[in-house]
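Take 299 as the starting number for the sequence shown in our numbering and just add one per residue.
A short worksheet on the structure shown next.
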Amino acid sequence: MNFRSDGLSRIFWGMSSQIFASAISLALTIFTARAVSATEYGLFSLALTTAFFVTGMIRAMTSEVLVFRHSSATGANRERMSGECLSAGIFLAIVVALLTLGVGLLTSSTLWILVAASLVGLVVQDNVRFVLMAHGRTKGATLLDGLTLVGTVGFLVVATLLDNINWFVVAWGAAAWVSAVFGLLMLKPKLRFRNARAWGGLAWAESRFFAGEYALTNAVSTGSVYFIALLLGAVAAGQIRAASMLVLPILLLTRGLLLAVAAESNRLIAERRFAAVGKIGFVMSISAVLITIVWIPLVIVVPAEVLVFLLGDSAEGAKAVFPYVALATAAAGVAAGPNLILKSAGQVKTTLLGKIIALPVAAGGVVLFSLTAGVAGSQIGLAIGELLRGAWGACWARAWLKRQSRVSQKPESLPARKM
299 MNFRSDGLSR IFWGMSSQIF ASAISLALTI FTARAVSATE YGLFSLALTT AFFVTGMIRA
359 MTSEVLVFRH SSATGANRER MSGECLSAGI FLAIVVALLT LGVGLLTSST LWILVAASLV
419 GLVVQDNVRF VLMAHGRTKG ATLLDGLTLV GTVGFLVVAT LLDNINWFVV AWGAAAWVSA
479 VFGLLMLKPK LRFRNARAWG GLAWAESRFF AGEYALTNAV STGSVYFIAL LLGAVAAGQI
539 RAASMLVLPI LLLTRGLLLA VAAESNRLIA ERRFAAVGKI GFVMSISAVL ITIVWIPLVI
599 VVPAEVLVFL LGDSAEGAKA VFPYVALATA AAGVAAGPNL ILKSAGQVKT TLLGKIIALP
659 VAAGGVVLFS LTAGVAGSQI GLAIGELLRG AWGACWARAW LKRQSRVSQK PESLPARKM
């Protein structure tokens with residue numbers, strides 16, 4: 299493989315896919331925040347936070363394993379694994395959707411019933427784009443995200459005319475369902491219940507660590523949103539979500555680059571190009587710092603009228619907490635670099651252990667600083683935990699790269715990658 303041509307092309311299209319995905323999040327924020335009150339937007343933000351957590355958790359057990367551990371698979375083996383991965387994702391999504399539906403019915407909440415109806419579409423659309431990334435079909439993933447963006451904006455325009463928060467959930471879910479169906483038509487996987495069981499047998503040894511890592515990371519960040527909502531009300535949760543829109547360029551560079559290079563890093567390790575993987579991780583971490591340094595002053599000087607136009611009633615609160623949300627986002631981006639190296643190398647136990655160590659520090663920081671400094675404090679707590687996780691990952695990634703460089707000239711001595 300010529301990394302300079304094929305690899306860079308896949309990274310370019312992978313980043314393009316993430317640009318569309320970020321634009322979807324931006325559209326959801328702007329259309330909804332402008333149309334509803336700050337309290338209603340806070341409730342909508344809690345629904346989004348929950349759906350994103352569920353989608354990410356299922357991804358960690360299915361398509362993320364495919365991307366980080368099996369991107370080098372080819373032919374019939376790759377097609378079989380993709381079908382099993384998607385079947386497992388659909389099965390898990392149906393289970394969670396039924397549980398969410400039960401919550402909606404018990405609480406007589408139309409909003410949560412609609413979230414339940416959207417979950418399977420959201421999970422399938424998300425899994426399909428990751429499977430396309432694992433296949434190296436980054437142009438296909440970009441096309442899928444572009445379709446989702448067009449559908450989301452179109453449905454959101456209709457929701458704005460109907461002037462009810464529930465219609466914004468319908469718009470979001472409908473676009474996901476359309477994209478999910480289109481994505482399945484692109485891949486044409488063999489979807490069977492027995493395939494879902496087969497994926498569980500094949501990937502459980504790996505997926506449990508990916509799922510545990512995701513749960514530990516996002517239990518604190520997701521939990522902090524709920525904690526803030528309980529402490530200060532739904533409006534405060536909406537402020538975090540609105541501020542997340544303001545840090546979108548940082549998210550795009552950190553999470554987008556992670557998605558774009560994850561499969562490529564797996565291929566590079568399979569080709570024993572360890573130095574290249576180390577450079578990718580380093581660039582990711584440094585990029586997160588640099589873009590944050592540039593972006594924070596730019597947003598601070600944006601006129602209040604512009605923010606009100608974009609975010610409606612949530613604008614003032616979002617701008618107040620923006621620097622702290624940016625700090626937490628940048629810290630996560632710094633940690634993503636070394637952890638990309640470890641996950642691509644199969645050292646997921648090491649990254650999981652780092653998150654276990656960082657968890658009490660992050661959770662304690664969120665609670666303590668939230669009680670003393672509100673929404674801003676919660677983000678400081680998250681940033682401390684992420685920096686600790688990043689330091690842990692950097693130490694282990696450096697040690698692993700050194701170890702591999704010593705044996706890179708001796709293929710027979712390279713140990714098998716372990717979970």
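We put the CB at the ideal spot given by N, CA and C, even for glycine.
Best match in the options for proximity to residue i [C-alpha to C-alpha]
i: VAL646; options: ALA496, ARG506, PRO487 and VAL455; result: ARG506
i: ALA618; options: ALA602, ALA633 and TRP502; result: ALA602
i: GLY631; options: MET379, VAL422, ILE598 and PRO547; result: PRO547
i: SER583; options: LEU417, VAL401, PRO595 and ALA689; result: ALA689
i: LEU384; options: GLY449, GLY419, PHE466 and VAL413; result: GLY419
i: VAL659; options: VAL597, ALA616, ALA517 and VAL606; result: ALA517
i: GLU562; options: SER668, ALA345, ARG367 and LYS488; result: ARG367
i: LEU364; options: LEU399, VAL429, MET484 and ILE317; result: VAL429
i: TYR622; options: GLN677, SER668 and LEU669; result: GLN677
i: GLY498; options: PHE389, THR436 and SER612; result: PHE389
i: SER335; options: LEU609, ALA509 and LEU625; result: LEU609
i: SER519; options: ARG435, LEU447 and ALA626; result: ALA626
i: GLY510; options: VAL448, LEU651 and GLY644; result: LEU651
i: THR590; options: LEU550, LEU605 and GLY615; result: LEU550
i: ASP443; options: ALA527, PHE318 and LEU482; result: PHE318
i: LEU346; options: ILE356, PHE466 and LEU460; result: PHE466
i: GLY481; options: ILE567, SER407, THR436 and TYR524; result: THR436
i: ILE578; options: ALA633, ALA535 and LEU445; result: ALA633
i: PHE351; options: GLY381, THR337, LEU326 and ALA391; result: ALA391
i: VAL592; options: ALA325, SER522, LEU566 and VAL545; result: VAL545
i: THR446; options: ALA331, GLY672 and GLN316; result: GLN316
i: ALA535; options: SER668, MET431, ILE655 and ILE639; result: SER668
i: GLY679; options: THR552, PHE525 and LEU530; result: PHE525
Separation of residue j from residue i, as counted between CA atoms
i: THR515; j: ALA358; result: 12 Å
i: ALA681; j: ALA661; result: 11 Å
i: ASN564; j: MET543; result: 31 Å
i: PHE620; j: ALA541; result: 5 Å
i: THR649; j: GLY691; result: 7 Å
i: VAL575; j: VAL421; result: 29 Å
i: LEU727; j: HIS433; result: With the chain represented from 299 up to 717, any question about residue 727 goes unanswered, as that position is not in the structure.
i: ILE411; j: VAL468; result: 10 Å
i: THR353; j: ASP424; result: 7 Å
i: GLY471; j: THR450; result: 9 Å
i: TRP311; j: GLY402; result: 39 Å
i: VAL456; j: LYS486; result: 31 Å
i: GLU710; j: ALA439; result: The predicted model places GLU710 with a pLDDT of 49, which falls under 50 and marks its position as unreliable, so this point remains unresolved.
i: ARG378; j: LEU657; result: 36 Å
i: LEU417; j: LEU399; result: 10 Å
i: SER361; j: GLU504; result: 12 Å
i: ALA613; j: TRP698; result: 45 Å
i: VAL581; j: ALA386; result: 34 Å
i: SER642; j: ALA629; result: 20 Å
i: ASN637; j: ALA671; result: 30 Å
Where residue i falls, given that 16 or more other Cβ within 10 Å makes a residue buried
i: ILE693; result: According to the sequence shown, residue 693 is Cys rather than Ile. Flag for CYS693 reads exposed.
i: PHE329; result: buried
i: PHE572; result: buried
i: ARG490; result: exposed
i: TYR339; result: buried
i: SER323; result: buried
i: TRP502; result: exposed
i: ASN493; result: buried
i: ARG539; result: buried
i: VAL476; result: buried
i: GLY635; result: buried
i: LEU462; result: Correcting the residue type first, residue 462 is Asn in the shown sequence and not Leu. So ASN462 counts as exposed.
i: PHE607; result: exposed
i: TYR512; result: buried
i: ARG701; result: exposed
i: ILE598; result: exposed
i: ARG704; result: exposed
i: ASN375; result: exposed
i: GLY663; result: buried
i: GLU569; result: exposed
i: THR719; result: Limits of the chain in this structure are 299 at one end and 717 at the other, which puts residue 719 out of reach.
i: LEU528; result: exposed
i: VAL533; result: buried
i: LEU396; result: exposed
i: VAL587; result: exposed
Where in the region 438–498 do unbroken runs of the alpha helix (DSSP H), each at least 4 residues long, occur, reported from the N-terminal end onward?
463–485
Suppose only complete runs of 4+ residues qualify. What are the alpha helix (DSSP H) ranges in the region 511–589, listed by chain order?
532–544 and 546–568
Which ranges would you report for the alpha helix (DSSP H) in the region 596–666 if only whole runs of at least 4 residues count?
602–609 and 613–642
Could you give the uninterrupted runs of the alpha helix (DSSP H) lying entirely in the region 343–423, keeping only those of 4 residues or more?
361–368 and 373–404
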